[in-house]
Every structure is written in structure tokens, then in C-alpha cells.
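Enquirer: The structure that follows is given in the form of C-alpha cells.
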Amino acid sequence: MQITGRTRVYGILGHPLRHTLSPAMHNAAFEALGLDCVYVPLPVAVDSFDQVAGGLSGMGLAGFNVTMPYKEQILPHLDDVASYAQIAGAVNTVQCVGGKLVGYNTDGRGFMAALERDAEFTVRGVQAIVLGAGGAACAAVLSMALSGARRITIVNRTPERAEQLAERVSGRFESVEVSVASPHEDLSVHAAAATLVVNATSVGMLDSPGMPIPAELLRPDQLVVDMIYEPRETDLLRTAASLGAKTMNGLGMLVYQAANAFEIWTEIQPPVDIMREAARGALAEFEAARARVKATTA
Ligand code: NAP
Numbered sequence: 002m003q004i005t006g007r008t009r010v011y012g013i014l015g016h017p018l019r020h021t022l023s024p025a026m027h028n029a030a031f032e033a034l035g036l037d038c039v040y041v042p043l044p045v046a047v048d049s050f051d052q053v054a055g056g057l058s059g060m061g062l063a064g065f066n067v068t069m070p071y072k073e074q075i076l077p078h079l080d081d082v083a084s085y086a087q088i089a090g091a092v093n094t095v096q097c098v099g100g101k102l103v104g105y106n107t108d109g110r111g112f113m114a115a116l117e118r119d120a121e122f123t124v125r126g127v128q129a130i131v132l133g134a135g136g137a138a139c140a141a142v143l144s145m146a147l148s149g150a151r152r153i154t155i156v157n158r159t160p161e162r163a164e165q166l167a168e169r170v171s172g173r174f175e176s177v178e179v180s181v182a183s184p185h186e187d188l189s190v191h192a193a194a195a196t197l198v199v200n201a202t203s204v205g206m207l208d209s210p211g212m213p214i215p216a217e218l219l220r221p222d223q224l225v226v227d228m229i230y231e232p233r234e235t236d237l238l239r240t241a242a243s244l245g246a247k248t249m250n251g252l253g254m255l256v257y258q259a260a261n262a263f264e265i266w267t268e269i270q271p272p273v274d275i276m277r278e279a280a281r282g283a284l285a286e287f288e289a290a291r292a293r294v295k296a297t298t299a
């Protein structure tokens with residue numbers, strides 16, 4: 002890759018960004034298509050975000066992603082926001098056009114593409130349980146509502162957040178019935194009817210291991226999706242697979258949301274398989290680095 006004054010620069014704003022897979026995916030795609038573009042991590046400290054975001058339109062970026070914890074905080078700095086991102090109240094992709102910043106949210110499309118293409122799962126008419134009520138849960142609930150899910154039960158530790166998410170969806174989509182439940186109540190009625198279980202909480206991440214739902218609620222006829230991709234197999238996915246359920250981690254969603262962002266920026270069909278391979282390769286490098294640290298500290 003040769004970077005010159007003509008190279009179009011893309012990036013990702015977030016904090017921390019040490020484990021982001023986005024540069025690997027986008028740079029692999031640019032290289033495969035011979036595009037004079039580069040994608041770089043742009044870590045921004047929490048107390049500097051508004052100052053940095055206020056100057057983004059003048060920086061000459063061609064586009065950028067926004068990740069945790071800034072997907073909501075970026076909104077007042079944008080000139081226009083696509084309708085789906087407005088409903089979600091969060092933006093993860095920004096296109097820079099003629100000095101204006103236009104925001105999109107590709108997480109929901111990423112989630113739906115992973116369900117449909119990788120798991121070959123049809124959402125229309127299904128009943129689902131979504132664990133969590135943050136940005137990832139919002140992407141899952143909104144995209145499933147848009148795709149004609151029949152009933153979605155949102156289960157979250159903090160009930161107010163679940164209620165807020167349910168209110169965001171209810172009334173906008175006629176076909177779907179959204180309800181809220183507490184993780185402390187008996188969820189067996191909801192689980193018995195659900196053929197899709199989605200973990201959109203942080204429970205299961207490397208620094209937060211554990212099960213986000215009791216194993217008794219999982220069944221062999223369910224598709225169990227964990228949005229987490231590091232580790233590749235969480236306790237939830239391992240348990241679900243051992244019970245005969247179909248499982249899928251969050252890597253596909255991550256790849257498809259990136260592919261959708263790539264298409265918004267370049268108007269070129271993204272090389273999804275190349276992006277997926279690049280994400281897997283970067284993930285394997287993180288895993289190897291972690292194993293080395295573990296070995297030296299053992
Ligand atoms: P977020 O907005 O911070 O939401 C976190 C969610 O996890 C909230 O519902 C929170 O519940 C819940 N939670 C956290 N710790 C918990 C605990 N100890 N017990 C029970 N619930 C707990 O984060 P997010 O952006 O939605 O991300 C959520 C997960 O999705 C993360 O694992 C993230 O890596 C993953 N994700 C994946 C993709 C992908 O492309 N694959 C994209 C985005 C996110 P409270 O409301 O009670 O705090």
C-alpha cells in the first residue's frame with residue numbers, strides 16, 4: 002500500500018480501539034479492489050470527544066466509523082442522519098460529502114445479514130428473546146421488527162432500559178409485539194415459544210464470563226446467537242451447542258455491518274469473504290498475543 006496526498010482516508014473513532022477488527026477488514030477490501038484508500042484507528046479520549054467531533058467535517062476524511070462509547074454522542078455533530086439511525090438513536094457509520102457529515106447505522110443490517118445469509122434463518126413470523134437493551138440489542142430488535150418478527154421479548158438487568166427500547170419499537174411496526182421481562186422472573190413461557198435467542202449483553206466477553214440466561218431455557222430447535230465474537234465461543238454458545246441448538250457468534254454481524262459501511266462510502270459491492278478472512282486473521286493474532294502474555298505470566 003502506498004499512501005500519497007491523493008489517498009482517501011477512512012477511520013474509526015472509539016475508545017479503546019486496541020482490539021478493533023475494522024482496520025483489518027477495510028484495508029483488506031481496499032487492497033483487494035485496488036482502491037487508493039486507507040483505514041486507520043482514531044482513538045479519542047472520553048473528555049476530548051466533543052471537541053474532536055466538532056472538527057471532523059474539516060479534517061478531509063472520506064468517511065469513518067464510530068464505536069463504543071460514542072455511537073450516541075456523535076449525533077449532534079452530524080448534518081444529516083438516515084431514518085433507521087434516527088430511530089436507533091445511534092450512528093456507527095458516517096459519510097463525509099462536500100464538508101457535510103451524514104450518519105448511518107449499519108449494525109441492524111449486519112445482524113440481519115448474518116441471520117439470513119450465515120444461519121439461513123428467516124425472521125418473518127418468529128418469536129425471539131433478546132437479552133440486553135443497549136445499542137446492540139436495539140439493532141437486533143429494530144431489524145427484526147423491520148423484517149416482520151411476530152413477538153420479541155426484551156430481557157434486561159436494568160428494567161428501565163428495556164422499557165425504553167420497547168417504547169422505541171412499539172407503535173412503529175404493526176406486525177410485532179414487543180414485551181419486557183426481568184432476568185429474575187420465570188422466563189420459561191417466553192423461552193418455550195422462542196425459536197431465536199440473541200445475547201446482546203456483555204455477559205460472556207473475556208472480562209465478563211458467564212451465562213446471560215439459564216441453560217434450562219435453551220432447546221435444540223432454537224437458533225442461539227451471541228453478538229460477542231471474542232471469545233469465539235462463549236459459555237452460552239458452548240452450552241446451547243451441547244444441547245443440540247444451532248449457534249452463531251457475532252463475527253458475521255461485525256463483517257456485514259462493515260461491508261454495508263464500505264458500500265455506503267464507496268458505492269462498490271464489498272468483497273465480504275475477503276473482509277471475513279481479514280477479521281478472522283486479526284482475531285487469531287489477538288488470541289495468539291493473549292496466549293503469549295498468559296504463558297509469560299504463568
Ligand atoms: P451497551 O450499550 O453498553 O449495553 C450493554 C448491555 O449488557 C446492557 O443491556 C447491559 O445491561 C448488559 N450487561 C452488561 N453487564 C451485564 C451483567 N453483568 N449482567 C447482565 N447484563 C449486563 O453495549 P452494546 O454496544 O449494546 O454491546 C453489547 C454486546 O454486544 C457486547 O458484548 C458487544 O461486544 C456486542 N456487540 C457486537 C457487535 C457485533 O458486530 N458483533 C456490535 C455491537 C455490539 P444494563 O442495561 O442493565 O446495564
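Residues in the sequence shown are numbered consecutively from 2, following the working numbering. Just so it is clear, CB atoms sit at the ideal spot from N, CA and C, and this is done for glycine as well.
Does valine 295 come out as helix, strand or coil in the three-state DSSP assignment?
Expert: The residue asked about is misnamed: residue 295 is lysine in this sequence, not valine. Lysine 295 falls in the helix class under three-state DSSP.
Enquirer: May I ask which residues mark the beginning and end of the beta strand (DSSP E) holding leucine 34?
Expert: First-last for leucine 34: 23 to 34, but that is the alpha helix (DSSP H), not the beta strand (DSSP E).
Enquirer: Only counting the same chain, and skipping five residues up and downstream in sequence, which positions put a Cβ closer than 6 Å to that of alanine 195?
Expert: Contacts found: Gln128, Ala129, Ile130.
Enquirer: Could you tell me if aspartate 208 is buried or exposed, where buried requires 16 or more neighbouring beta carbons within 10 angstroms of its beta carbon?
Expert: exposed
Enquirer: Would you say the beta carbon of methionine 69 is closer than 7 Å to some non-hydrogen atom of the ligand NAP?
Expert: yes
Enquirer: Between which residues of its own chain and leucine 79 is the CB-CB distance below 8 Å, once the five residues before and five after are set aside?
Expert: Val92, Val95, Leu102, Val103, Gly104
Enquirer: Taking just the CA atoms, how far does glycine 61 sit from arginine 7?
Expert: 11 Å
Enquirer: Fully enclosed by the region 175 to 224, which beta strand (DSSP E) runs are 3 residues long or longer?
Expert: 178 to 182, 197 to 200
Enquirer: Look at the alpha carbon of valine 82 and the alpha carbon of leucine 76, and state the distance between them as a whole number of angstroms.
Expert: 8 Å
Enquirer: Quick one: grab the DSSP three-state call for isoleucine 265.
Expert: helix
Enquirer: Rounded to the nearest angstrom, what separates leucine 252 and valine 204 at their Cα positions?
Expert: 16 Å
Enquirer: Compute the beta-carbon to beta-carbon distance between alanine 134 and isoleucine 155, rounded to the nearest angstrom, for a pair I have assumed lies under 8 Å.
Expert: Going by Cβ atoms, the distance from alanine 134 to isoleucine 155 rounds to 6 Å, so yes, they are a contact pair.
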